[in-house]
Each structure stands twice: as structure tokens, then as C-alpha cells.
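Peer 1: Under our numbering, read the sequence shown as residues 2 to 99, first letter to last.
From the three backbone atoms N, C-alpha and C, an ideal C-beta is built for every residue, glycine too.
Before I ask anything, let me first share the structure, which is written out below as C-alpha cells.
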Amino acid sequence: MSKPSYSVVVRVEPDGSPFTIKGRDAWALVNLIEAGEKGCTPLTTPGPRWSGYVHKLRRAGLVVETIHENHSGPFPGTHARYVLRSRVVVLSEERAAA
Numbered sequence: 002m003s004k005p006s007y008s009v010v011v012r013v014e015p016d017g018s019p020f021t022i023k024g025r026d027a028w029a030l031v032n033l034i035e036a037g038e039k040g041c042t043p044l045t046t047p048g049p050r051w052s053g054y055v056h057k058l059r060r061a062g063l064v065v066e067t068i069h070e071n072h073s074g075p076f077p078g079t080h081a082r083y084v085l086r087s088r089v090v091v092l093s094e095e096r097a098a099a
């Protein structure tokens with residue numbers, strides 16, 4: 002049995018060349034695009050490795066801002082909010098079931 006696959010072909014505006022992002026990195030990118038200025042946090046958009054996804058998106062040439070925010074509760078500390086700053090257009094999106 003194969004794993005489900007997910008990929009998006011995107012282009013950075015105004016004149017970037019198309020490129021493909023796959024797997025959870027594609028999932029993270031689509032969530033960042035949909036979130037807009039409010040961005041994504043591991044608390045609001047749960048995913049096991051947000052920092053890893055963002056690292057790979059940056060290596061692909063995308064600009065993603067990290068905003069460190071405080072949180073309270075029984076385990077106070079900080080968490081990251083990621084905001085996509087590159088203007089990205091999704092040219093195609095593919096989700097293949099297992």
C-alpha cells in the first residue's frame with residue numbers, strides 16, 4: 002500500500018518560474034497561503050514539524066516570517082507564528098489517495 006501524496010506547482014509573483022513542492026511541505030504552503038496575514042502556528046494549524054516545513058520552503062526560495070509569541074497556561078513559553086511574505090500563485094494542486 003502506498004502513502005497518499007500531495008503536491009502543488011507554484012510560482013512566485015511577479016515573474017518567478019514554476020516549481021513543485023511535495024508532501025507535508027506542500028500542505029504547509031497551502032495552509033500559509035490560505036491563512037494570509039494571520040499566519041499559522043502549531044497551535045492553530047496542528048502539524049508535527051512546522052519548523053522543518055518552513056525551513057524547506059525557505060530553501061526553495063520562499064520568504065516566510067517567523068513571529069515569536071508568548072503563551073500562558075500550565076506550560077507558559079513561546080511559540081512561532083509563520084507568515085508567508087512571498088506572493089505565491091498556485092498553478093496546480095494534486096492530492097492522490099492511497
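With valine 102 as the anchor, note down where its alpha helix (DSSP H) starts and where it stops.
Peer 2: What the structure shows of the chain is the stretch from 2 to 99, and residue 102 is not part of that stretch, so it cannot be assessed.
Peer 1: Pick from Leu58, Trp28 and Val84: whose alpha carbon is nearest that of histidine 69?
Peer 2: To locate residue 69, count along the sequence shown from 1; it is residue 68. Considering only alpha carbons, the answer is Val84.
Peer 1: Relative to the alpha-carbon of histidine 72, which residue among Ser87, Asn32 and Ala81 has its alpha-carbon at the smallest distance?
Peer 2: Translated into positions along the sequence shown, residue 72 becomes position 71. Comparing Cα-Cα distances from histidine 72 to each of Ser87, Asn32 and Ala81, the minimum goes to Ala81.
Peer 1: Distance, Cα to Cα, tryptophan 51 vs proline 15?
Peer 2: As a working note, residue 51 is residue 50 in the sequence shown. As a working note, residue 15 is residue 14 in the sequence shown. Cα-Cα distance, rounded: 27 Å.
Peer 1: Tell whether a beta-carbon distance below 8 Å holds between valine 11 and valine 91.
Peer 2: Position 10 of the sequence shown, counted from the first residue, corresponds to residue 11. Position 90 of the sequence shown, counted from the first residue, corresponds to residue 91. Against a cut-off of 8 Å, the Cβ pair of valine 91 and valine 11 comes out as a contact.
Peer 1: For arginine 59, which of Glu94, Glu95, Ser18 and Asp26 has the nearest alpha-carbon?
Peer 2: Residue mapping note: residue 59 aligns to position 58 of the sequence shown, counting from 1. Arginine 59 has its Cα closest to that of Asp26, out of Glu94, Glu95, Ser18 and Asp26.
Peer 1: Keeping to the same chain, check which residues put their C-beta closer than 6 Å to that of asparagine 32; ignore five residues upstream and five downstream.
Peer 2: Numbered from its first residue, the sequence shown carries residue 32 at position 31. Cβ within range, chain order: Cys41 and Thr46.
Peer 1: In chain order, what residues of the same chain lie with their CB nearer than 8 Å to the CB of proline 77, ignoring the 5 residues before and after it?
Peer 2: Taking the sequence shown and counting its residues from 1, one reaches residue 77 at position 76. Asn71.
Peer 1: Give the single residue among Pro75, Arg88 and Ala61 whose Cα lies nearest to the Cα of glutamate 35.
Peer 2: If you number the sequence shown from 1, residue 35 lands on position 34. It is Arg88 whose Cα lies nearest to the Cα of glutamate 35.
Peer 1: Tell me whether the beta-carbon of valine 9 lies closer than 8 Å to the beta-carbon of glycine 62.
Peer 2: Your numbering for residue 9 matches position 8 in the sequence shown. Your numbering for residue 62 matches position 61 in the sequence shown. The answer is no: Cβ separation not under 8 Å.
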